[in-house]
Structure formats: C-alpha cells, structure tokens
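Down below is the structure, laid out as structure tokens.
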Amino acid sequence: MIASLTEGSHAARADALARAGGVLWRAGPEMVERSTDSGLTWTRAARLPASDEPADEAEDDPERAPVRQLAVLGDTVLMVGEAGLLALQSGQLSTLVRAPCRALAVGGTGRVAALCGRRLLTSGDGGASFQGQPAPPGARAIAWRGGDLVTAPTDGLAVTTGAGLVRCETGGLVDEQGRVRLREPCRCVRAEGAHVVAWGDDAAWLSTDGGIEFAPLPAAAAYDVIDMIPDGAEGAFALTDVGVVHLRPEPDWDEPEASLAGRLAPRVELSVQARQRAASQQLTVLALLTLPLDAPARPAASRARSAERTRTRAMRSRAVRLRQLARHVARSAHKLPDPKRRALRLLRAQELAAQASAVIEAVP
Amino acid sequence: MTRRARALVLGVLCAGAGNAHATPTARLRHGNPAAELARVCVRRAGAQPERARSWLARVRLAAWLPELRLGAERDLGTREAIDPQDRARYGTYTLDELRVEGRATWRLDRLAFDPEELRASRETVRLAELRQDLALTVVRLYYERQRLAIESQLEAEAAPRETALRSARIEELSAMLEALCGPAAREEDQGRDQ
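So the sequence lines, in the order shown, correspond to chains U and H.
Under the working numbering, read the first sequence as residues 3 to 366, first letter to last.
Under the working numbering, read the second sequence as residues 1477 to 1670, first letter to last.
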C-alpha cells in the first residue's frame, strides 16, 4: 500500500483483477481471492507459492511482480507473473510454465497464450500443452483476435467488437487504422464483449459500444488504479490501492424536457361496482380519464437536480485534491532521512488516500 | 504500553518504517484497512448509496402501480309502500342488498414527474453528507490511533505518565471505532494483534 503511494509506475503493483459472470477474482502477491458480492467481501481461493526474493524487491519491480495479469477461461483462473503461468481449478493451484511471464491472453475454445521471458507460448487445449516460439522483439502485451495472436510493444492492448484492435499510445487509444478512439493518455485497456475500459494515471473511461465511444468514469481520479475490468453493465470494477471499487459513468444530469404526450399522461380511474339484491344483480364498470393540463413542477425539479450535481462535483473535487495531496506527501516522505519521521509522513499519506476514498464513495 | 498498543506499533512500523520501499503488511497489500473499515461502517449505518438509488427507482416504479380502493356495503331491513294521500299501506318488502365496489387509479402523469422525486433527491444529498461524515470520522479515528502507536514507539524514553495517557487514548479510539463499526473494527484490531 505504502509502496504503491510512492511508486512512479502504477504498473509495478503486483495485483490483478478478473471477472467471470457475477464472480470477481483478484490476485495479490500472496493469495488469490474471489468475491460474489461485487467486491464487498472476499474469500481466499488459493495461496500463491512464496517467492525466494524479498517481497519489497518483487513488488517494486514491475518485471518481477508475483502476479501481473489474471484471466478466467471457463472454470480455470489463469495468472502470470514472476512465478510463471499458474492455473487455479477446483481450488487446486498448478504451475503450467515455470518461467517468469509478463503477459497473458485467453480466447474462446481453450486458447491460452503467455509471454514468458523471450518466448511466446501458445496452447489450444486450455493450457494442457504449450508450443513455444521466439517472441517478437519488444513485445509487452498479447491478445487473441479470432484464432490469431497479436502482440504489441505497449502494456495496453485489446481486441474490441466495435473498434477492432486498439492499443494505448502516448496520444491516446488508437485502433489499427491509426484512428484515435480516445484522445486521452491511457496506460491500459481491457475489453469484455462490447464493454471496453481504458485507464491512465488519473482517469478511466468506459465504452459500451465496443470501443467506438468512451465515457469518463470520473471517480477514478480519486484512486490509484492498479487494474480494471468492465462489470458487464453500466460500469467497471477497479482494483485500487484502497481495495476494489465499483466505478460508474456520470449520470445524465440534464434530463430532457418531457414531451407533450408525456406531460399529458392521464390519470386513469377504473371503477367496478357489483350490486346484488334478492331478485336482481347489477354490475357497473366506470372508466375515467383525467388529463392534467398544468405542467409538472419543473423549476423545483431542476433546483433539486442542480443541488445534487453541485454537491457531487464539490465532493469529487475534494476527493481529487486529497488524492493529489496524498501523492505529494508520499513523495516528500522519501526525502526524509529519519526513518521514523518518514514512517509518520507515509502514514499521513495513507490517511489522505483513505480520506479521498471516503469522500468519493460518499458521492450521491 | 498495553499489548494492543504494542501490536499496533509493530503493524504500523512494518508498514511504513525502514527504507523508502518498506514492506507493506499482508493486511495492507489488498487495500487500505481504514478505507475498508469505513465502508463497513457506512453499510452498518445503512447509509450506502444503493439505498438512495433504490428510493428513486421505487418512486419511478410507483407510477405504474394503481391506487386501489375497495368497499362493501350491505343494506338490511324492510321497505313499506304507503299511499301519500290516504296513508294506506300497500305492501312491505324485505331489503337485503349487497354492494361491492373496487376502484383502481393509475396516475400516469407521475411517470413524467412525481413530487416525491424532490424529497428523494433531497434525502439523497443528506444521506451522502452523512456517509461522508461517518467515513471521514472512521478514517480520522483509525489514523489517530496508528499515529499514537508510532509515537509511542518513537519516544521509548517518554515519561510513564505520557505513555499511560497514550495507551489510554489508544484504548479509547479502539472503543470508539468498535462502537461505530461493530465487530468489524474489533476483528481488524485483533487481526493486527495476531
């Protein structure tokens, strides 16, 4: 946690997130956990093999992170990192490849690929057997497109249903034709069906049309995002330095004015009366339509929406300020020669990060 | 220093002291314990944002549901037919009449706007403020406790009175957190002790 506040590169964090239906998986340096309630509670699924190296070094070096990527293929959870390519199936953890790996990609019908050292390993049978070949020079990320494997020299690479193959570059998220789909500096991108999530150091975006249009996830600015995965609906789960959080796009504050038909929606009254006498019976059905001609109380509604929006933005602004302050305090702590003062300063940075999360999560 | 305070000191120093890239404790690796404790407290207080969202959803759904009125009336007795001129009585009838009435009213105009939305919106903002206050209080108490624990360690030579006061304050903060967050705060505390 403290290390994450002080690192320059967020990719150095050794945590990863994956989702399979309603089950979320997260892997850290020591264990793999699962959650069935959108990340509120976690249960341990497996303990990862202990590394021979000091945990500090393993965690701080992005190339030697115990777990770098996590993916779910059917009922198997696959992960790559310093320990190699691991598979978790029915609670049993097995090592498929015993060499440090940095990238993982899974495709339908049991396709698995991993970038391990300078080798590109592929499997068509869910990891039971692998074929190896030299990896393209500089390859850092891999993805399956149909039956073909694609590599990229950046960390962000995904195959989307709308924009095709996209990758993060300095100018933003770019597709194969060179069109900029998202004109913001992004670090990573992940796609699941038509949902695509991209994120950078201070922001994240979600697309629900296969990577053609992106909407910002504003709360991401209040966190240090380590990994993200679309939730399959209207938002995304983010693994952050303060836990797993659910991020959603900003609601549509500017509701369109109700149409005339909507404003003249009637009041429908249906009355049934049954009468029974000794020698006769009677049933009366009465339907009444009342059309309200007065407009609904728009000014009051607008005022309420405006108050809610203002409050939301004020809280978000406060959270972002606290997050920036946390980063500043953590950076300044490293300049302190006295380890005890440094500990107190780092504790303050942690507190500010927790405050940022408390404020952003309180947003209406 | 009490056992709890000593355990806190060890936990915090493991997390923050030492070199610049200190080892976070196992508990800290998966998130910030104060942030996670604050989330538990918010849920325990029933102030989670899902609650406000469900209010608004219910207000919108309510427009589709009718207002139902049911009534029943039964007349029992006798009725006599009398000539108003000569007051002659022509006959007597027994009355036994049952009337059942059901009325359903759909206020479809509320699909466009329901005044209840205003109230729900105001309450949403109030709930957000409550949530923020509660979460920030938990974070403040948690880190005050951690800070005191570190200071106790830093000032090993402090006067006994000072040490005792710090320990008492740590106990007080732990009790306050437990009162706010319930068993989760105690479990978090015990987790550190272990």
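For glycine and all other residues, C-beta sits at the position ideal for the given N, C-alpha and C.
Cβ neighbour criterion (16 or more within 10 Å) applied to residue i
i, result
"H/Y1618", "buried"
"H/I1646", "buried"
"U/R183", "buried"
"H/T1501", "With a pLDDT of 30 at H/T1501, under the threshold of 50, the modelled position of that residue is not reliable, and the figure given next carries that caveat. So H/T1501 counts as buried."
"H/Q1561", "exposed"
"U/Q133", "exposed"
"U/W27", "buried"
"U/T292", "exposed"
"U/G41", "buried"
"U/E178", "exposed"
"U/V287", "exposed"
"U/G109", "buried"
"H/P1591", "exposed"
"U/P31", "buried"
"U/D340", "exposed"
"U/H197", "buried"
Under 9 Å between C-beta atoms of residue i and residue j
i, j, result
"H/L1571", "U/A303", "no"
"U/A200", "U/C170", "yes"
"U/L159", "U/A137", "no"
"H/A1514", "H/L1649", "no"
"U/R185", "U/G174", "yes"
"U/L250", "U/A276", "This sequence places Arg at residue 250 of chain U; Leu is not what is there. Cβ distance not < 9 Å, so U/R250 and U/A276 don't count as in contact."
"U/A364", "H/R1607", "yes"
"H/E1627", "U/L346", "yes"
"U/V244", "H/A1644", "no"
Where residue i sits in the DSSP three-state scheme
i, result
"H/Y1619", "helix"
"U/I214", "coil"
"U/D62", "Low local confidence applies: a pLDDT of 49 at U/D62 is under 50, so the model's placement there is unreliable, with the coordinate-based value given in what follows. In this structure, U/D62 counts as helix in the three-state DSSP scheme."
"U/A102", "The displayed chain sequence assigns Pro, not Ala, to residue 102 of chain U. Correct three-state label for U/P102: coil."
"U/A302", "helix"
"U/T314", "helix"
"U/D204", "coil"
"U/S282", "coil"
"U/H330", "helix"
"U/V69", "coil"
"U/T156", "coil"
"U/A137", "coil"
"H/A1496", "Confidence at H/A1496 is low in this model, with a pLDDT of 25, below 50, so the placement of that residue should be treated as unreliable; the coordinate-derived value is given next. H/A1496: coil per DSSP, three-state reduction."
"U/G220", "Before going on, a small fix: residue 220 of chain U reads as Pro here, not Gly. Helix."
"H/V1535", "helix"
"H/A1502", "Note on H/A1502: pLDDT 31, under 50, position unreliable in the model; the coordinate value appears next. In the structure shown, H/A1502 sits in a helix (DSSP, three-state: H, G or I)."
"H/R1602", "helix"
"U/C170", "strand"
"H/C1657", "helix"
Residue i at chain H interface by Cβ criterion, 9 Å
i, result
"U/T38", "no"
"U/Q275", "yes"
"U/R49", "no"
"U/P251", "no"
"U/A303", "yes"
"U/L272", "yes"
"U/V79", "no"
"U/R313", "yes"
"U/E363", "yes"
"U/V25", "no"
"U/G234", "no"
"U/H12", "Low per-residue confidence applies at U/H12: pLDDT is 36, beneath 50, and the placement is therefore not dependable enough to give any value."
"U/Q357", "yes"
Chain U within 9 Å of residue i, Cβ atoms only
i, result
"H/L1656", "no"
"H/W1531", "no"
"H/G1578", "yes"
"H/D1585", "yes"
"H/A1528", "yes"
"H/D1665", "no"
"H/T1570", "yes"
Residue i: contacting residues in chain A (beta-carbon distance under 8 Å)
i, result
"H/T1581", "Absent from the structure: chain A. Protein chains present are U and H."
Output, in sequence order along the chain, the residues in the region 1603 to 1626 of chain H whose CB is closer than 7 Å to any CB in chain U.
A1604, R1607, Q1608, A1611, L1612, V1615, Y1619, Q1622, R1623 and I1626
Chain U contacts made by the region 1532 to 1557 of chain H, where a contact means CB separation under 7 Å
none
If contact means a Cβ-Cβ distance below 7 Å, which residues of the region 279 to 291 of chain U contact chain H?
R279 and A280
Residues from the region 1590 to 1603 of chain H in contact with chain U, defined by Cβ distance under 7 Å:
P1591, E1593, L1594, S1597, R1598, T1600 and V1601
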